[in-house]
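Enquirer:
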């Protein structure tokens, strides 16, 4: 059985471990090894994770099967002062894919968003990432695209996806 917990700082190293394992597999065909290393450090250093939680109000959650963490997500309620919840991250170890773990994490975030009267989930996904199909299968619709300069000469080229979560629409 897979359970979901809210991560505390003591679990940050588990999130970092999963990121180190998943990022090269997820982005190895579309980003350079240098950009992957840069982005993992930018987003998953201890200082970066603390800032995301303490200053940006992100919440990290972990999926756990038996005693092993197999995936994580992070989200932010009321993103930019709206009634939308932004999913900032969602990554699974390869062996956790295809077990509905991703859907479980999305459902957990949607439940928490609804409890806070948020009406939609939004997220960004790289324009060339195979995860686009996963999000579309789970009810997300493409609403736009954006390029985000992340420094060091790197650009995130993303689609923006959204899914309504009004009462009664959770599956």
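In our numbering, the protein residues as written are 6 to 176. Every residue gets a Cβ at the ideal spot worked out from N, C-alpha and C, and that includes glycine.
Is residue 109 helix, strand or coil by DSSP?
Expert: If DSSP states are grouped into helix, strand and coil, residue 109 belongs with the helices.
Enquirer: In whole angstroms, what separates the C-alpha of residue 7 from that of residue 143?
Expert: 19 Å
Enquirer: Residues in its own chain within less than 6 Å of residue 174 by CB, not counting five upstream and five downstream?
Expert: With a pLDDT of 48 at residue 174, under the threshold of 50, the predicted position of this residue should be treated as unreliable, though the coordinate-derived value follows. If we look at residue 174 and ignore the five residues flanking it on each side, it has no Cβ neighbours.
Enquirer: Which value, in whole angstroms, describes the spacing of the CA atoms of residue 27 and residue 97?
Expert: 7 Å
Enquirer: Out of curiosity, what's the CA-to-CA distance linking residue 168 and residue 39?
Expert: 33 Å
Enquirer: Quick check: the Cα distance between residue 92 and residue 158, rounded to an integer number of angstroms?
Expert: 25 Å
Enquirer: Got a sec, what are the start and stop residues for the alpha helix (DSSP H) residue 44 sits in?
Expert: 38-49
Enquirer: Out of 113, 56, 66 and 43, which has the shortest C-alpha to C-alpha gap to residue 170?
Expert: 113
Enquirer: Please state the DSSP three-state secondary structure of residue 61.
Expert: coil
Enquirer: Give the single residue among 160, 77 and 120 whose Cα lies nearest to the Cα of residue 44.
Expert: It is 160.
Enquirer: If you reduce the DSSP assignment to three classes, tell me which class residue 86 lands in.
Expert: helix
Enquirer: Answer with buried or exposed for residue 62, where buried requires no fewer than 16 other C-beta atoms within 10 angstroms of its C-beta.
Expert: exposed
Enquirer: Based on the DSSP output, what are the partners of residue 92 in its beta bridges?
Expert: 80 and 128
Enquirer: Output yes or no for whether 8 Å exceeds the beta carbon distance between residue 12 and residue 66.
Expert: Taking 8 Å as the cut-off, the Cβ atoms of residue 12 and residue 66 count as close.
Enquirer: Using the DSSP secondary-structure output, state which residues sit across from residue 147 in a beta bridge.
Expert: 166
Enquirer: Would you call residue 166 buried or exposed, if buried means 16 or more other Cβ atoms sit within 10 Å of its Cβ?
Expert: Per the 10 Å Cβ criterion, buried.
Enquirer: What is the rounded straight-line gap between the Cα of residue 130 and the Cα of residue 22?
Expert: So the alpha carbons of these two residues sit roughly 21 Å apart.
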